[in-house]
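For the sequence shown, my numbering begins at 326 and goes up steadily by one.
Ideal Cβ positions, reconstructed from N, Cα and C, are used throughout, including at glycine.
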Amino acid sequence: MKALFSALCISGVVATLASNNVSLVDLGYYADFDQSGPFATPEVRTHFHETFLVTSGPGVFDSVGLQRPQGTQDNLSSFFPTQFEQRLFFPSQADLEQAFPAGGYLFSGVGGSDGPSSGELLFPALLWPSERPEIDGSTYSDLVTKSAGTEIMVRWNQYKVSGDGVTTTFILEDLTANTGVAFDRQPLVFDSFVIPGADRKPGHRYLMQVWFAVTDNVFVGGFPSADGEVTFHHRTFAPFAVPADPGTVAGRINLEGFPFAFGEPVQLEILDSNGTVAESVTTILGNGNYFAHQTSLRGTRLVRFKAKTWLSQSVSVDLDSGFGDVDLTLKNGDIDGDNTVTIFDYIALSENFDEAFGEPTWDTPSGSGFSAQDCDLDRDGLITIFDYILLSGNFDESGS
326 MKALFSALCI
336 SGVVATLASN
346 NVSLVDLGYY
356 ADFDQSGPFA
366 TPEVRTHFHE
376 TFLVTSGPGV
386 FDSVGLQRPQ
396 GTQDNLSSFF
406 PTQFEQRLFF
416 PSQADLEQAF
426 PAGGYLFSGV
436 GGSDGPSSGE
446 LLFPALLWPS
456 ERPEIDGSTY
466 SDLVTKSAGT
476 EIMVRWNQYK
486 VSGDGVTTTF
496 ILEDLTANTG
506 VAFDRQPLVF
516 DSFVIPGADR
526 KPGHRYLMQV
536 WFAVTDNVFV
546 GGFPSADGEV
556 TFHHRTFAPF
566 AVPADPGTVA
576 GRINLEGFPF
586 AFGEPVQLEI
596 LDSNGTVAES
606 VTTILGNGNY
616 FAHQTSLRGT
626 RLVRFKAKTW
636 LSQSVSVDLD
646 SGFGDVDLTL
656 KNGDIDGDNT
666 VTIFDYIALS
676 ENFDEAFGEP
686 TWDTPSGSGF
696 SAQDCDLDRD
706 GLITIFDYIL
716 LSGNFDESGS
């Protein structure tokens with residue numbers, strides 16, 4: 326590889342200036358699969374390719390270009406001062422391999438303290454894992470049937486490959502709380518993980534990931550301080566929900582016009598038989614708009630949900646057994662918070678039309694007493710016709 330790089334330098338393909346401030350050059354090949362439940366076969370989810378160039382500090386390059394082996398040119402994006410990257414998706418593994426074949430990948434840094442400077446990452450073959458991860462059906466079934474607080478050992482097929490750079494990774498995320506629960510990476514024979522009972526909370530939604538990976542540590546000519554990596558991943562994603570306990574209210578709250586409502590507060594009220602609020606809490610939506618609440622109240626109760634500009638909705642829940650399958654979509658347009666979409670909401674929106682986030686008046690109340698921020702129904706930082714459409718579609722509607 327070093328001889329090939331030297332030949333390229335002599336021919337002028339690679340710039341002769343070397344940068345000691347590139348710390349990592351990485352190519353990642355991904356084939357992702359979804360396993361939808363116990364005994365389900367993992368199905369293809371997506372294929373994508375990632376490219377990274379990481380510098381030891383900011384200002385090393387202003388921009389970074391990439392030339393693939395077949396001559397295709399790319400410009401890497403910079404979302405962080407020390408990192409240039411690109412991610413491209415493909416309909417199949419064959420399409421990915423055609424776009425990013427084995428061979429030499431030439432990185433060219435321009436501007437900054439070290440530009441122009443070039444380096445080449447070379448690798449001879451595509452080293453995909455020979456199999457895809459699959460969660461054992463019986464242990465997967467235990468996750469969705471056994472009560473919260475029960476310790477479960479999860480198993481999957483063993484990755485029977487020898488060699489350096491071969492790893493298996495297990496990741497468990499609590500989507501409801503939006504937190505990582507477990508992470509373990511081991512070489513070769515890692516094929517099970519014990520999930521403690523304390524990490525299986527009633528009504529919570531989780532996502533398991535099992536990764537099989539092969540990493541080739543390769544030479545990067547022209548960047549003498551850089552590590553070079555080419556990694557091939559087969560990853561399986563497997564969701565599950567822990568059964569509800571008595572007193573559990575859990576599920577998903579969708580907010581019209583705002584599909585990715587992670588972190589959005591929702592008011593949850595539990596009513597008694599007279600319609601009086603017996604308990605009121607603010608629950609924060611997690612990844613996928615999931616939530617979970619545990620109450621000491623029992624019996625069949627009406628549970629009401631209300632978010633900022635969304636009309637309330639209610640659902641009847643048997644708290645003696647608990648309920649983990651709430652699935653509601655709240656209607657949008659209640660700017661003034663009176664739980665009805667009326668002419669007063671329309672007036673507030675009209676007064677703030679064409680305002681944009683960043684303008685000095687964005688959070689300044691208009692004559693109606695509401696700011697542009699209050700009227701941004703779709704949370705895109707602009708008051709536009711799309712906010713009008715949401716409001717108009719629910720005009721004269723009231724919450725329940």
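Beta-bridge pairing by DSSP links residue 631 to 592. About 5 Å separates the beta carbons of residue 577 and residue 614, which is inside the 8 Å limit, making them a contact pair. A contact between stretches requires three or more CB pairs, one per stretch, nearer than 8 Å, and the region 374-388 meets this requirement with the region 404-416.
The beta carbon of residue 512 sits closer than 8 Å to those of 491, 492, 493, all from its chain and outside the five residues before and after it, given in chain order. If you check the CB distance, residue 688 and residue 675 do not come in under 8 Å. One alpha carbon belongs to residue 534, the other to residue 359, and they sit about 9 Å apart. Between residue 638 and residue 573, the CB-CB gap reaches or exceeds 8 Å. Rounded to the nearest whole angstrom, the C-alpha separation of residue 517 and residue 480 is 4 Å. A buried status is given to residue 432, since no fewer than 16 other beta-carbon atoms sit within 10 Å of its beta-carbon.
Taking residue 501 as the centre and dropping the five residues before and after it, the same chain places the C-beta of 529, 530, 611, 615, 617 closer than 6 Å to its C-beta, in chain order. Looking at the DSSP output, residue 579 bridges to 654. Taking the Cβ atoms as the reference, residue 722 lies roughly 11 Å from residue 655, outside the contact range of under 8 Å. Per DSSP, the unbroken beta strand (DSSP E) holding residue 375 starts and ends at 368-380.
Burial check for residue 634: the Cβ neighbour count within 10 Å reaches 16 or more, so the residue is buried. DSSP, read as helix, strand or coil, puts residue 494 in strand. Secondary structure of residue 464 (DSSP, three-state): helix. The residues 703, in chain order, have a CB closer than 6 Å to that of residue 711 in the same chain once the five nearest residues on each side in sequence are set aside. The beta carbon of residue 680 sits closer than 7 Å to the beta carbons of 686, 687, 697, 708 from its chain, once the five residues preceding and following it are set aside; these are given in chain order. Look at residue 615 here: in three-state DSSP terms it is strand. Between residue 454 and residue 482, the gap from beta carbon to beta carbon reaches 8 Å or more. According to the DSSP assignment, residue 551 belongs to no beta strand (DSSP E), since it is labelled neither H nor E.
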